[in-house]
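J.:
In the numbering used here, the protein residues as written are 2 to 266.
#1: Does the distance from the C-beta atom of residue 6 to that of residue 113 stay below 7 angstroms?
#2: Using only CA atoms, which one of 255, 212 and 162 lies nearest to residue 41?
#3: For residue 186, count neighbouring Cβ atoms within 10 angstroms of its own Cβ and tell me buried if that reaches 16, exposed if not.
#4: Give the DSSP-derived three-state secondary structure of residue 12 in the structure shown.
#5: According to DSSP, simplified to helix, strand and coil, what is residue 91?
#6: According to DSSP, is residue 163 helix, strand or coil?
#7: To the nearest angstrom, how far is the alpha carbon of residue 147 from that of residue 162?
#8: Label residue 59 either buried or exposed according to how many other C-beta atoms from any shown protein chain fall within 10 Å of its C-beta, with 16 as the threshold for buried.
#9: Do you know how far the Cα of residue 19 is from the Cα of residue 258?
#10: I'd like the list of long-range same chain contacts for residue 260, defined as Cβ closer than 7 angstroms, with 5 residues on each side in sequence excluded.
#11: DSSP has residue 184 in a bridge; who is on the other side?
#12: What would DSSP say about residue 84, mapped onto helix, strand or coil?
#13: With a threshold of 7 angstroms on Cβ separation, who are the neighbours of residue 176 within its own chain once the five nearest residues in sequence on each side are excluded?
#14: Any idea what DSSP makes of residue 266, helix, strand or coil?
#15: Extract the residue ranges of the beta strand (DSSP E) inside the segment 210-241, only unbroken runs of 3 or more that lie entirely within it.
#16: So the beta strand (DSSP E) residue 50 belongs to, where does it begin and stop?
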């Protein structure tokens, strides 16, 4: 791990497990890890090393391939924008899972990435497949004061914001970790109109019950567009391929949300 990544870690001592830095004590019974992994297994979302290494490019034979075609469009557009900045940047991939998106960003040597999650089995897979000098995977609770202030140029939540109960509490913390010109980027994540929230919650509850994982209801949160308004969000549409737009007549289900740091000193 290079000195840029070491500098962002506030804790002076921490252990590691198969290369994953444990910035928070590993207490899986106090997190959603067990319920989440059981659900992912039932959904056919626990992927082999070969498939994870190829993400977001997968064959039609792999479950959820249509979903991954949208995620590819998002990641391609975001990473092109990141690369076009043509400058060194520290990125926190918050809720990185198996690390495919962290690795895609870190494929550019001037982008230094920390991927963090509370799912140690997937983090171990990520570290095994993608570890490089400018990429490190960490286990930790972002609210445990584990990172130094004003160290990150970008914090990215790619399909993970729904696991945080409060947008305002999350952003208040992330602003302290960002450099003054830093930004939060939320990708492939659902937001709802205020009058649609209750129905969305009911659908999720019914789904988790049907999957025999009702415990996940306590760890999945629905956020409205209104919750973003105090932070002056910038919305960007994801560009889709000709095949998506003309052949399948698809539209991307999510907007790319950018939040600029509100703490400038």
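Ideal placement from N, C-alpha and C gives every residue a C-beta, glycine not left out.
T.: For this structure:
#1: Numbered from its first residue, the chain shown carries residue 6 at position 5. Numbered from its first residue, the chain shown carries residue 113 at position 112. Contact: yes.
#2: The sequence position of residue 41 within the chain shown is 40, counting from 1. If we check each option's Cα against that of residue 41, 212 comes out closest.
#3: As a working mapping, residue 186 is identified with position 185 in the chain shown. So residue 186 counts as buried.
#4: Within the chain shown, residue 12 is the residue found at index 11, counting from 1. Correct three-state label for residue 12: coil.
#5: Counting from one through the chain shown, the residue named residue 91 turns up at place 90. Residue 91: strand per DSSP, three-state reduction.
#6: Walking along the chain shown from the start, residue 163 turns up at place 162. In this structure, residue 163 counts as helix in the three-state DSSP scheme.
#7: Here residue 147 refers to the residue found at position 146 of the chain shown. Here residue 162 refers to the residue found at position 161 of the chain shown. Computed Cα separation, rounded: 19 angstroms.
#8: Taking the first residue of the chain shown as 1, we reach residue 59 at position 58. Counting Cβ neighbours within 10 Å, residue 59 comes out buried, since at least 16 surround it.
#9: Start at 1 with the first residue of the chain shown, and residue 258 comes out as number 257. Start at 1 with the first residue of the chain shown, and residue 19 comes out as number 18. Answer to the nearest angstrom: the Cα atoms are 34 angstroms apart.
#10: Within the chain shown, numbered from 1, the residue matching residue 260 stands at position 259. If we look at residue 260 and ignore the five residues flanking it on each side, its Cβ neighbours are 172, 184, 185, 232 and 234.
#11: By one-based count along the chain shown, residue 184 stands at place 183. DSSP output for residue 184 lists 155 and 261 as bridge partner(s).
#12: Locating residue 84 in the chain shown gives position 83, counting from the first residue. Note: residue 84 maps to helix in three-state DSSP.
#13: Position 175 of the chain shown, counting from 1, holds the residue named residue 176. Result list for residue 176: 262, 263 and 264, in chain order.
#14: Along the chain shown, read from residue 1 onward, the residue named residue 266 stands at position 265. Confidence in residue 266 is poor, its pLDDT being 46 and thus under 50, which makes the residue's placement too unreliable to answer from.
#15: 235-237
#16: As a first step, residue 50 is located in the chain shown; it is residue number 49 there, counting from the start. Here residue 50 belongs to no beta strand (DSSP E); instead the alpha helix (DSSP H) covers 50-55.
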